[in-house]
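Student: I'd like to ask you about the structure that follows.
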Amino acid sequence: MRKFFFSAALLLLASGSGFAGYKWFTDNQYGEADVVAGKQYFESYCISCHGDKGHGDGLVARATNIKPDNIFDELTNPFGTKVELIGTVLEGESSKTGAMPPFKSVLSENQVNDIFEYIKSIN
C-alpha cells in the first residue's frame, strides 16, 4: 500500500502539481478521521504537554524546560506534512529544548491522524 502512495506522490510531483499536490496527497492518505476518538486520544496522551488546543502550553510545559511543539501550527505549516508529524509522534524525538516520547506502543498512524483532525477541529 505504501508503495502505491509513494508512486502516486511521485506522479503528482512529476505532473507539475509540485509540493502542494504532494502535501495534499500525503495529508489525506489516512481516510476519514474519527474526531470523537481523536479527542479521547488527545486527552489521554497529549493534553498534559501540548495544552487544551495543542498549542504547546500544557501543564508539563509550564512546569519544566520541555517546550512541546504547537501541533496546530505544525499541521497548518505549508512546508510540513502530516506523514512527518505522525512519524514524530510514533517514533519520538529528542532535542536540546525538550523531548517527545515515542507513542508507537499505544497509538497507530490512524489514531494519530484522528488526534490531528481533532486539533484542527477545535482551532
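According to mature numbering (1 follows the signal peptide of the UniProt record, and there is no 0), the residues represented by the sequence shown are -20 to -1, 1 to 103, in order.
Idealized CB from N, CA, C, for every residue including glycine.
When DSSP labels each residue in this structure, what does serine -6 get in the three-state scheme?
Tutor: Because the pLDDT of serine -6 is 48, which lies under 50, any placement of that residue in the model is unreliable, and the number read from its coordinates should be weighed accordingly. It is coil, neither helix nor strand.
Student: Using CA atoms only, rank isn't needed, just tell me which of Phe83, Glu12, Gly1, Gly67 is closest to cysteine 26.
Tutor: Checked all of Phe83, Glu12, Gly1, Gly67; the closest Cα to cysteine 26 is Phe83.
Student: Taking the DSSP output, what are the residues bridged to glutamate 73?
Tutor: DSSP output for glutamate 73 lists Met80 as bridge partner(s).
Student: Are there 16 or more other CB atoms within 10 angstroms of the CB of alanine 43, so buried, or fewer, so exposed?
Tutor: Exposed is the call here.
Student: Using C-beta distances below 6 Å, list every residue in its chain close to tryptophan 4, excluding the 5 sequence neighbours before and after it, in chain order.
Tutor: Cβ within range, chain order: n/a, list empty.
Student: Quick check on DSSP: helix, strand or coil for cysteine 29?
Tutor: Cysteine 29 falls in the helix class under three-state DSSP.
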